[in-house]
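Undergrad: This structure is in structure tokens; I'll ask about it shortly.
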Amino acid sequence: MTIATAVDGYLRHVAVERGLAANTVAAYRRDLGLYTAWLAGQPDSDAGDAVIAGAGAAAAAAADAPARPITNLRAITRHHVSAFVQYLGLRPESPLTAASIARILSTVRGFHRFLLGEGLVETDVAHDSKPPKLALRLPKAISIEQVAALLAATDGDDVQRLRDKALLELLYATGARVSEVVDLNVDDVRLEDFDSVRLTGKGDKQRIVPVGSFARAAVSDYLVRARPMLSARGRSTPALFLGLRGQRVSRQNAWLIIRAAAERAGLTVPVSPHTLRHSFATHLLAGGADVRVVQELLGHSSVATTQIYTLVTADTLRDMYTLSHPRAR
Numbered sequence: 000m001t002i003a004t005a006v007d008g009y010l011r012h013v014a015v016e017r018g019l020a021a022n023t024v025a026a027y028r029r030d031l032g033l034y035t036a037w038l039a040g041q042p043d044s045d046a047g048d049a050v051i052a053g054a055g056a057a058a059a060a061a062a063d064a065p066a067r068p069i070t071n072l073r074a075i076t077r078h079h080v081s082a083f084v085q086y087l088g089l090r091p092e093s094p095l096t097a098a099s100i101a102r103i104l105s106t107v108r109g110f111h112r113f114l115l116g117e118g119l120v121e122t123d124v125a126h127d128s129k130p131p132k133l134a135l136r137l138p139k140a141i142s143i144e145q146v147a148a149l150l151a152a153t154d155g156d157d158v159q160r161l162r163d164k165a166l167l168e169l170l171y172a173t174g175a176r177v178s179e180v181v182d183l184n185v186d187d188v189r190l191e192d193f194d195s196v197r198l199t200g201k202g203d204k205q206r207i208v209p210v211g212s213f214a215r216a217a218v219s220d221y222l223v224r225a226r227p228m229l230s231a232r233g234r235s236t237p238a239l240f241l242g243l244r245g246q247r248v249s250r251q252n253a254w255l256i257i258r259a260a261a262e263r264a265g266l267t268v269p270v271s272p273h274t275l276r277h278s279f280a281t282h283l284l285a286g287g288a289d290v291r292v293v294q295e296l297l298g299h300s301s302v303a304t305t306q307i308y309t310l311v312t313a314d315t316l317r318d319m320y321t322l323s324h325p326r327a328r
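Here the sequence shown stands for residues 0 to 328, where the numbers follow numbering that gives the first Met the number 0.
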């Protein structure tokens, strides 16, 4: 079987059998496209151990070797995978960050696990590959006062402001990913008992998240006063949030809406849809919420992912202590 055929089979597997979101499958496709393009430039050598000691050595070997590029799965060795990782960090056109390399390597490892599981190869050549160490990056959250200013910047009675208010209030009230909110349909929101919303996250996993009074009021106003007018401008669609032409709001549209609101609010820090998700989690933990509860609300499969927010809260407490305690310095 060719590498290209195996990649197609893997992408069908993650899309159909594992039920991964279309955006995730698209990211896998890009990662594996980069990997297979790199493999196509490497020599097919029986002496795998001599192929690569590093990205530079791989390039030199490929230049000197006969024109026998890798075209089948069994020709890939663990040394190719290691050299590919080095290449990502050293490629002259645009070296990738450690986080990007780790993400791509995760895709490559998943691909090789699939090959072994399907019996297409005898060994998993990527099993022992290690990503570069990642620097600890704390989530970027904004303060409660900044969130309030951001939401206040969407005040207004025109259809666009009513929609923007509902969108931002719902994002902050639920801590949802932007894709989860823009994928909502009108039927997902029943105003007569709108105290929670069902969100569909990664891997089509669903969770129920409570909705506070501010978000309920904003969504109700939008549905009654704005959405019918937006819907009349385009084809019939079940989407909850509509653009000015009556189509479903995209993730990119949502990002632009938030950026515009941040500019009106005079915020000098970068604000994105994920900023509201980070702020949601940070503010809950700072208010005393249990980390396991926040894990469920965010839809994290592991509590370790959620615990990164406890570091943000601890940093805030440390700063307040340093500023306030007479003997802290």
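Where is the CB? At the ideal position from N, CA and C, for every residue including glycine.
(1) Quick one, which of 252, 271, 110, 245 has its alpha-carbon nearest residue 34's?
(2) For the region 291-304 against the region 180-190, are there 3 or more C-beta pairs whose distance is under 8 Å?
(3) In angstroms, rounded to a whole number, what distance separates the CA positions of residue 132 and residue 157?
(4) Taking the alpha carbon of residue 155 as the reference point, which residue from 221, 130, 207, 204 has its own alpha carbon closest?
(5) Where does residue 106 fall in DSSP's three states?
(6) Just the C-alpha distance for residue 151 and residue 285, rounded to the nearest angstrom, thanks.
(7) Any contact of the region 161-171 with the region 209-217, i.e. 3+ C-beta pairs under 8 Å?
(8) Considering only C-alpha positions, which residue in the set 90, 42, 229, 93 is nearest to residue 79?
(9) Counting C-beta neighbours from all protein chains within 10 Å, is the total for residue 255 16 or more, i.e. buried, or is it exposed?
(10) For a quick check, are the C-beta atoms of residue 240 and residue 112 less than 8 Å apart?
(11) How many angstroms separate the CA atom of residue 77 from the CA atom of residue 16?
(12) By Cβ distance, which residues of its chain are closer than 6 Å to residue 7, with the 5 residues on each side in sequence left out?
(13) Quick one: Cα of residue 292 to Cα of residue 308, how far?
(14) Measure from the C-beta of residue 233 to each C-beta in chain D and report whether the shortest distance is under 8 Å.
(15) Confirm, please, whether the CB-CB distance from residue 251 to residue 236 is below 8 Å.
(16) Since residue 274 contacts residue 164 with CB under 8 Å, what's their CB separation in whole angstroms?
(17) Determine the contact status of residue 5 and residue 115, defining contact as a CB-CB distance below 8 Å.
(18) Is the distance from the Cβ of residue 335 to the Cβ of residue 268 below 8 Å?
(19) Would you mind reading off the limits of the alpha helix (DSSP H) that contains residue 239?
(20) Who are the Cβ neighbours of residue 188 in its own chain at under 8 Å, not counting the five residues just before and after it?
(21) Leaving out five residues before and five after residue 124 in sequence, what residues of the same chain have Cβ atoms less than 8 Å from its Cβ?
(22) How far does the alpha helix (DSSP H) with residue 195 in it reach, from first residue to last?
(23) If distances are taken between C-alpha atoms only, which option among 234, 141, 224 comes closest to residue 283?
(24) Leaving out five residues on either side along the sequence, give the residues of the same chain with a beta carbon under 8 Å from the beta carbon of residue 231.
TA: Answer, in terms of the structure:
(1) Taking only the C-alpha atoms, the option nearest residue 34 is 110.
(2) no
(3) 49 Å
(4) 221
(5) helix
(6) 22 Å
(7) Flag = yes, the region 161-171 and the region 209-217 touch.
(8) 42
(9) exposed
(10) no
(11) 27 Å
(12) none
(13) 13 Å
(14) Protein chains in the displayed structure number just one, and chain D is not present.
(15) no
(16) Actually they do not touch by this definition, with Cβ atoms about 17 Å apart.
(17) no
(18) The structure shown has nothing for residue 335, since the chain only spans 0 to 328.
(19) Run containing residue 239: none; DSSP gives neither H nor E here.
(20) 196, 218, 222, 239
(21) 75, 76, 77, 79, 80, 111
(22) Here residue 195 belongs to no alpha helix (DSSP H); instead the beta strand (DSSP E) covers 195-199.
(23) Here the closest residue by C-alpha is 141.
(24) 245
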